Amino acid sequence: MRFKLPSLKAVRFPMAAVLEVMTLGGAILFGMTGCNSLGRSPEGERQARLERSPQWQSGKFVNRYERVDGSRFSLLKDLLFGNAAPTRPTDTLPVQTRRRSDFDSAPGLRTTWLGHSTLIVEIEGQRLLIDPVWGERASPVSFAGPERWYPSPLPFDELPEIDAVLISHDHYDHLDYPTVLKLIPRGARWIVPLGVGAHLEAWGVPAAQIVELDWWGSTELSGLTITATPARHFSGRGLRQDQTLWCGFALTGVQRRVYYSGDTALFDDLATIGERLGPFDLTMIEVGAYDRRWTDVHLGPEQAVRAHQLVKGNILLPVHWGLFSLGFHGWTEPMERVLAAAKEHDISVAVLRPGESLSPPELPMQDRWWPEVPWLSGKVDPIHSSGVEHLMH
Ligand SMILES: [Zn+2]
Ligand SMILES: [Zn+2]
13 MRFKLPSLKA VRFPMAAVLE VMTLGGAILF GMTGCNSLGR SPEGERQARL
63 ERSPQWQSGK FVNRYERVDG SRFSLLKDLL FGNAAPTRPT DTLPVQTRRR
113 SDFDSAPGLR TTWLGHSTLI VEIEGQRLLI DPVWGERASP VSFAGPERWY
163 PSPLPFDELP EIDAVLISHD HYDHLDYPTV LKLIPRGARW IVPLGVGAHL
213 EAWGVPAAQI VELDWWGSTE LSGLTITATP ARHFSGRGLR QDQTLWCGFA
263 LTGVQRRVYY SGDTALFDDL ATIGERLGPF DLTMIEVGAY DRRWTDVHLG
313 PEQAVRAHQL VKGNILLPVH WGLFSLGFHG WTEPMERVLA AAKEHDISVA
363 VLRPGESLSP PELPMQDRWW PEVPWLSGKV DPIHSSGVEH LMH
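Just so you know, the working numbering puts 95 at position 83 of the sequence shown, and the rest follows in order with no gaps.
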């Protein structure tokens, strides 16, 4: 067995640790003193509305499937000793810097990936910003937690006009407090799952600009329908978990359709999303931050490819990787494994550099812009969500 001596450098911040240590430690340290970034729990009318949701049971939002987690002892071991694969890049990445004028033209469909799950989707005249993170860290505090590997490819001041901001759930790597504060003066609409409006209002977003949706709920934006789709995940940025809902989004226009998974594990509703709202020109599906100990909150690469098939996608744009270290897996592993699985199933994958745009059905050059570093295959380290074996056949 190979062990490294623990060092400060070896102390990593994987997703489970981020969400558990930070939500617990962060809340204990800062919640009592009123740290704004933690947000606020829903109350009053908002709370009454979310309690009427079919997703609300026994005081919290629930998934259709039970969540089975692996051993926390092994997590502690990995936290201290790490693993063989590098979880973050050592060299400068070929980030494509963008500016406002790049968005002057208005294509029928164009998506720009700004790293992790931050996306600008331009579809049929509307420009949407998804899970925007310009902050330095996916964390409630500015001095600790996973830090970004590079500045945003699009400096915030270069962000073009936005019609609506979509938030999939309230985890720190999707709902970024400093970014929300910067976006408020822009006056855009916010489309979020049930309960997340409480955070936004606490931070100063006017209530009239917030649309809160339950799963399958939808809202219109000049002819574009935005539907909150079910996801198999969890939520929370303070002591209490699952007080706000998590979701993905389907954007359905007259001619173009795209799907964004949010954070999710594999589950049956993906097929229902495909039946009701697909087929999709483009899917943006989470591929990173997986682990064999938390297979019921993230897909992992092979299941992401399967999810793309279930929702009836044409081109797959892998997201939720390439900006923060939120797992123990090698930082290039999500893409290496997605490309292998996609090849096996003959699926078109869009390989984008951070900052690059994609206009389906055109595919960009399949440029492997990352280095060759060690990674584990799906056979060696399989990620299978529990209870859904039938979906993998
Ligand atoms: Zn999450
Ligand atoms: Zn996430």
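Backbone N, C-alpha and C fix where the C-beta goes; we use that ideal spot for every residue, glycine too. In this text, all values refer to a predicted model and were calculated from it rather than measured experimentally.
Give the range of the beta strand (DSSP E) segment to which residue i is assigned.
i, result
"ILE222", "222-225"
"ALA262", "260-264"
"ARG122", "121-125"
"VAL293", "For clarity, residue 293 is Asp in the given sequence; the question names Val instead. It spans 292-298 - the beta strand (DSSP E) in which ASP293 sits, taken as one unbroken run."
"VAL217", "Counting along the chain, VAL217 falls outside any beta strand (DSSP E), and DSSP gives it neither H nor E."
Between which two residues does the alpha helix (DSSP H) containing residue i stretch?
i, result
"PRO190", "189-195"
"TYR285", "One point to set straight first is that residue 285 is Ile, not Tyr, in the sequence displayed. Residues 281-289."
"VAL6", "An answer regarding residue 6 cannot be provided, because it is not within the stretch 13 to 405 covered by the chain."
"LEU406", "One cannot answer for residue 406 here, as it falls past the ends of the chain, which runs 13 to 405."
"VAL350", "345-356"
Look at the Cβ atom of residue i, then the Cβ atom of residue j, and state whether they are nearer than 8 Å.
i, j, result
"GLU136", "VAL266", "yes"
"PRO376", "VAL350", "no"
"GLN67", "GLU368", "no"
"LEU294", "PRO372", "yes"
"PRO165", "PRO366", "yes"
"HIS245", "ALA210", "no"
"ARG268", "PRO172", "no"
"ALA176", "LEU233", "yes"
"CYS259", "HIS332", "no"
"LEU212", "ILE222", "yes"
"ASP81", "HIS183", "no"
"ARG249", "GLY127", "no"
Between which residues of its own chain and residue i is the CB-CB distance below 6 Å, once the five residues before and five after are set aside?
i, result
"VAL33", "Legend: pLDDT at VAL33 = 47, less than 50; position of this residue unreliable, no value from coordinates given."
"MET44", "Low confidence applies to MET44: its pLDDT is 45, below 50, so where it sits in the model is not reliable, and the reading given next is rough at best. Nothing listed; no residue qualifies."
"ALA219", "GLU213"
Looking at the strands, I want to know which residues DSSP matches up with residue i.
i, result
"LYS324", "Looking at the DSSP assignment, LYS324 forms no beta bridge with any residue, so it has no partner."
"GLN69", "LYS72"
"VAL177", "LEU141, TRP202"
"THR231", "ILE238"
"GLU134", "ARG122, ARG139"
"PRO172", "BP columns for PRO172 are empty, so no partner."
"ARG149", "GLU159"
"VAL331", "GLU298"
"LEU50", "Partner(s): none; LEU50 has no beta bridge."
"PRO375", "Note that residue 375 is Leu in the sequence shown, not Pro. Bridge partners of LEU375: none, in fact."
"SER360", "ILE327"
"SER6", "A query on residue 6 cannot be resolved here, the shown segment of the chain reaching from 13 to 405 and no further."
"TRP369", "The sequence shown places Ser at residue 369, rather than the Trp named in the question. According to DSSP, SER369 bridges with THR124."
Take residue i and list the residues in its own chain whose beta-carbon comes closer than 8 Å to its own, dropping the five residues that flank it on each side.
i, result
"SER360", "ASN326, ILE327, LEU328, ALA354, LEU375"
"SER117", "none"
"TRP387", "ALA97, HIS341, GLY342, THR344, GLU345, GLU348, ARG349"
"ALA283", "LEU322, VAL323, LEU403"
"VAL74", "GLN67, TRP68, ASP254"
"THR231", "ILE203, VAL223, LEU225, THR237, ILE238"
Below 7 Å CB to CB, which residues in the same chain sit around residue i once its five sequence neighbours on both sides are set aside?
i, result
"ARG318", "LEU278, LEU403, MET404"
"MET13", "Any answer about MET13 is weak, because its pLDDT of 37 lies below 50 and its placement is not dependable; what the coordinates show is given next. Excluding positions up to five away in sequence, the list is empty."
"ILE196", "GLY216, VAL217"
Less than 8 Å between the CB atoms is what I'm expecting for residue i and residue j, so what's the real figure, rounded?
i, j, result
"LEU289", "ALA262", "4 Å"
"GLN255", "PRO119", "With 8 Å as the limit, GLN255 and PRO119 do not qualify as a contact, their Cβ atoms being about 39 Å apart."
"GLU380", "GLY207", "Here the sequence assigns Arg to residue 380, which means Glu is not the residue at that position. Contact doesn't hold; Cβ gap of about 40 Å is too wide."
"ARG304", "ILE395", "6 Å"
"ILE174", "ALA200", "5 Å"
"ARG110", "TRP161", "In fact, because the Cβ distance is near 17 Å, the residues do not count as touching under 8 Å."
"PRO144", "THR123", "With 8 Å as the limit, PRO144 and THR123 do not qualify as a contact, their Cβ atoms being about 14 Å apart."
"PHE336", "ASP188", "Not really, about 11 Å apart at Cβ, beyond 8 Å."
"SER70", "PRO152", "Contact doesn't hold; Cβ gap of about 27 Å is too wide."
Under 8 Å between C-beta atoms, does residue i make it to chain E?
i, result
"SER53", "Of the protein chains in this structure there is only one, and it is not chain E."
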